[in-house]
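Enquirer:
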Amino acid sequence: MKNQADVVVVGAGHNGLVAALMLARRKLDVLVLEDKDAIGGAARTEKPFKKVPQLAASTGAYLLGLMPPELIRKLDVDIPLLRRDPHYFLPTTGKRYLMFGSNQAEMKRQFLAFFSEQDWRANQALQSEIGEIRDD
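First residue of the sequence shown? That's 561 in the working numbering, and the numbers climb one at a time after it.
(1) Tell me, which residues are paired with Pro-651 by DSSP?
(2) Tell me which residues share the same chain as Pro-613 and place their Cβ nearer than 7 Å to its Cβ, disregarding the 5 neighbours each side in the sequence.
(3) Within this structure, are the beta carbons of Ala-598 and Val-590 separated by less than 7 Å?
(4) Alpha carbon to alpha carbon, how far is Asp-670 from Phe-660?
(5) In whole angstroms, what separates the C-alpha of Gly-573 from that of Lys-587?
(6) In whole angstroms, what is the alpha-carbon distance linking Lys-562 and Val-568?
(7) Any idea which residues DSSP pairs Ser-688 with across the strands?
(8) Between the C-alpha atoms of Phe-649 and Leu-658, what's the straight-line distance to the nearest angstrom?
(9) Might you give, ordered along the chain, the residues of its own chain that have their beta carbon closer than 8 Å to the beta carbon of Met-582, omitting 5 neighbours on each side?
(10) Do Val-578 and Leu-593 have their beta-carbon atoms positioned less than 7 Å apart in this structure?
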């Protein structure tokens, strides 16, 4: 490992990697230090369950949706966004569960098994408002 650099970035999570990329593009000599075996921080998938080794889980990649479009443009990188479908699973006691995906009719059917029609309309209004904020 080299012992000199213009900038040292501590942590190779998504923020550290973005910072290192932006600094390197300004022709600075950048050293990135990471104590984990894998880079990516919250933006990676791991298989942490010993009893179910094939089950992959996000370490927080859902937050990538909050990455500002301006930053993606500034980085000039093509980041493919893969949406999970279904995207939400909530087990409950017994055999009941909620599993939401792109099928709106099925999502509504499951939602109404737990909540009221009024709750469904309120949830739809909330999702619409969140969508407007996200797209702003």
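Beta carbons are placed, not taken as given, at the ideal position from N, Cα and C, and that holds for glycine.
Computed from a prediction, not measured in an experiment: that's the story for all the values here.
Expert: Taking the geometry as given:
(1) Tyr-657
(2) Lys-607
(3) Not closer than 7 Å, so no.
(4) Strictly speaking, residue 670 in this sequence is Gln, with Asp absent from that position. Whole-angstrom Cα-Cα distance: 8 Å.
(5) 21 Å
(6) Taking the straight line from one Cα to the other gives about 11 Å.
(7) Per DSSP, none; premise fails for Ser-688.
(8) About 6 Å.
(9) Lys-634, Leu-635
(10) No, the Cβ-Cβ distance between Leu-593 and Val-578 is not below 7 Å.
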